[in-house]
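J.:
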Amino acid sequence: MCGIVGYIGHREAYPIIIEGLKRLEYRGYDSAGIALYDGTNLKVSKTKGKVADLEQRVADEISTNANLGIGHTRWATHGIPNDLNAHPHYSNSGNLVIIHNGIIENYDSLRKELISRGYTFKSETDTEVLINLIEDVKIKEDVKLGKAVQIALNQVVGAYSIAVFDKTKPGEIVIARLGSPLAVGIGENEFFIASDASPFIEYTKNAVYLEDEEMAIIRAGKDIKIRKIKDDSLVDPYVQELQMNLEQIEKGGYDHFMLKEIFEQPNAIKDTYRGRLLAKKGIIKMSGVDDNIEKFLNANRIVIVACGTSWHAGLVAEYIFEDLARIPVEVEYASEFRYRNPVITNKDVVIAISQSGETADTLAAIKLAKANGAFVFGVCNVVGSSIARETNAGAYTHAGPEIGVASTKAFTTQITVLSLIALKLAKAKGAISNSDYRYHLQELELIPEKVTKALTSDTHIKAVADTYKEARNCLYLGRGYNFPVALEGALKLKEISYIHAEGYPAAEMKHGPIALIDEQMPVIVIATKKGHYDKVVSNIQEIKSRKGKIIGIVTEGDTHVKELADHVIEVPETLEPLSPLLTTIPLQLLSYHIAVMLGKNVDQPRNLAKSVTVE
Ligand code: M6R
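Numbering of the sequence shown is given in this note's numbering, commencing with residue 145 and proceeding in unit increments.
(1) For D270, count neighbouring C-beta atoms within 10 Å of its own C-beta (all shown protein chains included) and say buried if the count is 16 or more, exposed if not.
(2) If you run the structure through DSSP and keep just helix, strand and coil, what is G323?
(3) Going by beta carbon distance, what residues of the same chain come within less than 7 Å of T506, once the five residues before and after it are set aside?
(4) Using alpha carbons as the reference points, say which of V561, I464, H644, K429 lies closest to P721.
(5) Does DSSP put H233 in a helix, in a strand, or in coil?
(6) Going by CA-CA distance only, name the one from L274, A423, D197 that's closest to H233.
(7) Kindly identify the DSSP beta-bridge partner or partners of C97.
(8) Would you be able to state if there are at least three C-beta pairs under 8 Å between the segment 209-223 and the segment 173-193?
(9) With DSSP collapsed to three states, give me the class of K192.
(10) Identify whether N276 lies in helix, strand or coil by the three-state DSSP scheme.
(11) Indicate, with yes or no, if ligand 1 has a heavy atom lying under 7 Å from the CB of L635.
(12) Between the beta-carbon of I345 and the beta-carbon of L386, is there less than 8 Å?
(13) What does the alpha-carbon distance come out to for the pair V493 and R482?
(14) May I ask you to list the residues that DSSP assigns as paired with E474?
(15) Could you give the distance in angstroms between the alpha-carbon of L258 and the alpha-carbon of I295?
(16) Taking 8 Å as the cut-off, decide whether the C-beta atoms of A176 and L165 are in contact.
(17) What I want to know is whether the C-beta of E476 ends up closer than 7 Å to one or more non-hydrogen atoms of ligand 1.
(18) By Cβ distance, which residues of its chain are closer than 6 Å to K404, with the 5 residues on each side in sequence left out?
(19) On the three-pair Cβ rule with 8 Å, is the segment 576-591 touching the segment 605-621?
(20) Mind checking which residues open and close the beta strand (DSSP E) that includes L240?
(21) For ligand 1, any of its heavy atoms closer than 7 Å to the Cβ of S530?
(22) Between which residues of its own chain and A575 is the CB-CB distance below 6 Å, once the five residues before and five after are set aside?
(23) Taking just the CA atoms, how far does P325 sit from D310?
(24) Under 8 Å by Cβ, that's how I've got P592 and K414 pegged, so tell me the actual separation to the nearest angstrom.
(25) For the alpha helix (DSSP H) containing H584, name the first residue and the last one.
(26) Give a yes or no on whether the C-beta atoms belonging to K613 and L731 are separated by under 8 Å.
(27) Buried or exposed for H644, please, with buried defined as at least 16 other CB atoms from any protein chain shown within 10 angstroms of its CB.
(28) Measure the Cβ-Cβ separation of L240 and I278 and say whether it is below 8 Å.
(29) Taking the Cβ atom as the reference point for each residue, do G223 and N333 lie within a distance shorter than 8 Å?
(30) Leaving aside the five residues before and after L798 along the sequence, list all residues of the same chain whose C-beta is less than 7 Å from its C-beta, in chain order.
(31) Curious, which full-length beta strand (DSSP E) runs of at least 3 residues does the segment 514-558 contain?
(32) Buried or exposed: which applies to K693, given that a residue is buried once 16 or more other Cβ atoms fall within 10 Å of its Cβ?
(33) What's the gap between the Cα of E652 and the Cα of T728?
(34) To the nearest angstrom, report how far apart R218 and G147 are at their CA atoms.
(35) If distances are taken between C-alpha atoms only, which option among K190, V561, D710, G544 comes closest to A461?
(36) Compute the beta-carbon to beta-carbon distance between L621 and A650, rounded to the nearest angstrom, for a pair I have assumed lies under 8 Å.
Now the structure itself:
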């Protein structure tokens, strides 16, 4: 949830940390802070607000020759966003400095115990408790920082990734991870620490990802030493080569990451099926599925677990798996699944979907499913993420970094991967005719160019956005494959424009939401030709009779809905199971333009963070 970054080596730490924080700001942005140490002077600066506010604050006072530094961008859990609660935090002696991502669940009892022994606290955070616990252990046990961190973490319940240093021992940073990601970039006699690899991509392509319950002592000019927190055993660092490049994590001329990512979708979808979809040969190659095909084919059912937009992709997958492969599917919010004592056995296949691969609830759902004997398959975007590593097998979406908090290309590439799996299983089961199978493959291959076409409506969509930007409520309706798209459209509008929006199956409207419809209510109806068209047209009539404002998402050349609706936005024709890949595009653009017109911070909407690594 929070972003952490650190540097130790021969370069000036400040620019690396501040630029790194800007790249990690998608993880949380209610306050930011930095600590720089040049071996003599320790400078700490922190503030409520964004990294830009921190930058302004430190402009005059920051030491420029520090070669060690840590920085933090926060998404508040314990304590409101203010200067005091911002990280870094110090121990009572002022010697130990920490940044932390995660939650220490037993912080209250630890705090009381520390208070009873004379410790005082300036902030309301669990992090300040942790750094004083480390100091307490260090003094009581008379041990070095690394050992003190290890002993303290064994007393802690919760999730964390931390970076700590001791100003009485310059040249060393101690890091640890449980449940929140932590990457270490390995340079020439220098190390970079970050919640993901984006802060150090221009300095090194070599990275080590800490596993849960691991800690490392990092010393400038020396090797990285990784140990298990529980039993102190040494771990061989596994150095991975990063695939990401700098261009991918910059805006590339777009005003916002969200817009860039919307327009990246044709290529992202192509990258997702590249090497997997051989349409002409009628072959889908996916090693994660090929190697486990019997598990899928013999499963009683597939259970999909995910959160947010990924959950919506799961709902689309439910339609496609049941429709084409005739495999029963249930889709669960990971946060509900993990606590509701679900019936899961070794006859179930669980598919976990996550862009970040770090969502705490999805990770916990995976662990639960595995403990009950299920085979767990991951659909993730971030390579090497916790979910990618925790699952038994999986398929990456290859969408490239998604930085805008509102998921866009993650959604369409997840649907692409899930469609490939469903078609593959449909073929293997004999649930689809050969000609139908090949037709779906050919259509899937054409999706990127159809998405490109759908994107050409951008100017028209902007005009529609201008008409409805003052709306206080919006309704999104769709049926069948496009019901989850209605949910996703409503989520997009809510999260970046703060306009209340609800998605509904079109036919459910008359069971309640119809009462909301009047001349003030824009209703976005997905009414493509192949998706229960006549039924949706009847729903449109019902809205019209109640004076609702209708924005129809229609198939190119449609004339009927045009006569009824106030506005129509066309998308190219495709097969119904693939239609969400197109109908979602205008909904993303509509939300984007409304939010921009309302002056909202599109890439960093209030209260949200890109990956939710806490419950
Ligand atoms: O990284 P994940 O796909 O696991 O994230 C799940 C949700 O937190 C995420 O989709 C969230 O709902 C987005 N802000 C939606 O745009």
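Cβ coordinates follow ideal geometry from the N, Cα and C atoms, glycine included.
T.: To lay it out plainly:
(1) Counting from 1 along the sequence shown, the entry for residue 270 is found at position 126. Buried is the call here.
(2) Counted from its first residue, the sequence shown places residue 323 at position 179. Strand at G323.
(3) Locating residue 506 in the sequence shown gives position 362, counting from the first residue. Around T506: V449, A450, C451, A478, A496, S498, I531.
(4) Residue mapping note: residue 721 aligns to position 577 of the sequence shown, counting from 1. Of the listed residues, the one whose Cα sits closest to P721 is I464.
(5) On the sequence shown, position 89 is the one that residue 233 refers to. Collapsing the DSSP output to three states places H233 in a strand.
(6) Residue numbering aside, residue 233 sits at position 89 when the sequence shown is read from its first letter. That would be L274, whose Cα lies nearest to the Cα of H233.
(7) This structure leaves residue 97 out entirely; the chain is present only between 145 and 759.
(8) yes
(9) As a first step, residue 192 must be located in the sequence shown, where it is residue number 48. Residue state, collapsed to three classes: strand.
(10) Within the sequence shown, residue 276 is the residue found at index 132, counting from 1. DSSP places N276 in helix when its eight states are reduced to three.
(11) Position 491 of the sequence shown, counting from 1, holds the residue named residue 635. Yes, since a heavy atom of ligand 1 falls inside the 7 Å radius drawn around the Cβ of L635.
(12) The residue given as residue 345 occupies position 201 in the sequence shown. The residue given as residue 386 occupies position 242 in the sequence shown. Their beta carbons are under 8 Å apart, which means I345 touches L386 by this criterion.
(13) For the purposes of this step, residue 493 is taken as residue 349 along the sequence shown, with counting starting at 1. For the purposes of this step, residue 482 is taken as residue 338 along the sequence shown, with counting starting at 1. Approximately 16 Å between the Cα atoms of the pair.
(14) Sequence index remark: in the sequence shown, residue 474 carries index 330 (1-based). For E474, the pairing in a beta bridge is given by DSSP as V447.
(15) Walking along the sequence shown from the start, residue 258 turns up at place 114. Walking along the sequence shown from the start, residue 295 turns up at place 151. So the two alpha carbons sit approximately 15 Å from each other.
(16) Within the sequence shown, residue 176 is the residue found at index 32, counting from 1. Within the sequence shown, residue 165 is the residue found at index 21, counting from 1. L165 sits close to A176, with the two beta carbons spaced by under 8 Å.
(17) As a working note, residue 476 is residue 332 in the sequence shown. For ligand 1, not one heavy atom lies less than 7 Å from the Cβ of E476.
(18) Here residue 404 refers to the residue found at position 260 when the sequence shown is read from its first residue. Taken in chain order, the residues that qualify are K395, G396, Y398.
(19) no
(20) As a first step, residue 240 must be located in the sequence shown, where it is residue number 96. First-last of the beta strand (DSSP E) with L240: 240-248.
(21) As a working mapping, residue 530 is identified with position 386 in the sequence shown. No, the Cβ of S530 stays beyond 7 Å of every heavy atom of ligand 1.
(22) Position 431 of the sequence shown holds residue 575. Leaving aside the five residues that flank A575 on each side, the residues in its chain whose CB is nearer than 6 Å to its CB run, in chain order, A469, R470.
(23) For the purposes of this step, residue 310 is taken as residue 166 along the sequence shown, with counting starting at 1. For the purposes of this step, residue 325 is taken as residue 181 along the sequence shown, with counting starting at 1. The straight-line gap from Cα to Cα measures roughly 22 Å.
(24) As a working mapping, residue 592 is identified with position 448 in the sequence shown. As a working mapping, residue 414 is identified with position 270 in the sequence shown. Confirmed, Cβ separation roughly 5 Å.
(25) Translated into the one-based positions of the sequence shown, residue 584 becomes position 440. Run containing H584: 578-599, per the alpha helix (DSSP H) assignment.
(26) For the purposes of this step, residue 613 is identified with residue 469 of the sequence shown, where counting begins at 1. For the purposes of this step, residue 731 is identified with residue 587 of the sequence shown, where counting begins at 1. Not in contact: K613 and L731 (Cβ atoms no closer than 8 Å).
(27) Position 500 of the sequence shown holds residue 644. Exposed, since its Cβ has fewer than 16 Cβ neighbours within 10 Å.
(28) As a first step, residue 240 must be located in the sequence shown, where it is residue number 96. As a first step, residue 278 must be located in the sequence shown, where it is residue number 134. Yes, they are a contact pair.
(29) By 1-based counting over the sequence shown, the position of residue 223 is 79. By 1-based counting over the sequence shown, the position of residue 333 is 189. In this structure, N333 does not lie closer than 8 Å to G223 by Cβ.
(30) With the chain covering only 145 through 759, there is no way to say anything about residue 798.
(31) 519-524, 537-540
(32) Looking up residue 693 in the sequence shown gives position 549. By the 10 Å Cβ count, K693 comes out buried.
(33) Residue numbering aside, residue 652 sits at position 508 when the sequence shown is read from its first letter. Residue numbering aside, residue 728 sits at position 584 when the sequence shown is read from its first letter. C-alpha separation (whole angstroms): 20 Å.
(34) Residue 218 sits at position 74 when you count from the first residue of the sequence shown. Residue 147 sits at position 3 when you count from the first residue of the sequence shown. Distance between the alpha carbons of R218 and G147 is about 7 Å.
(35) Sequence index remark: in the sequence shown, residue 461 carries index 317 (1-based). That would be V561, whose Cα lies nearest to the Cα of A461.
(36) Translated into positions along the sequence shown, residue 621 becomes position 477. Translated into positions along the sequence shown, residue 650 becomes position 506. So it is a contact: roughly 4 Å between Cβ atoms.
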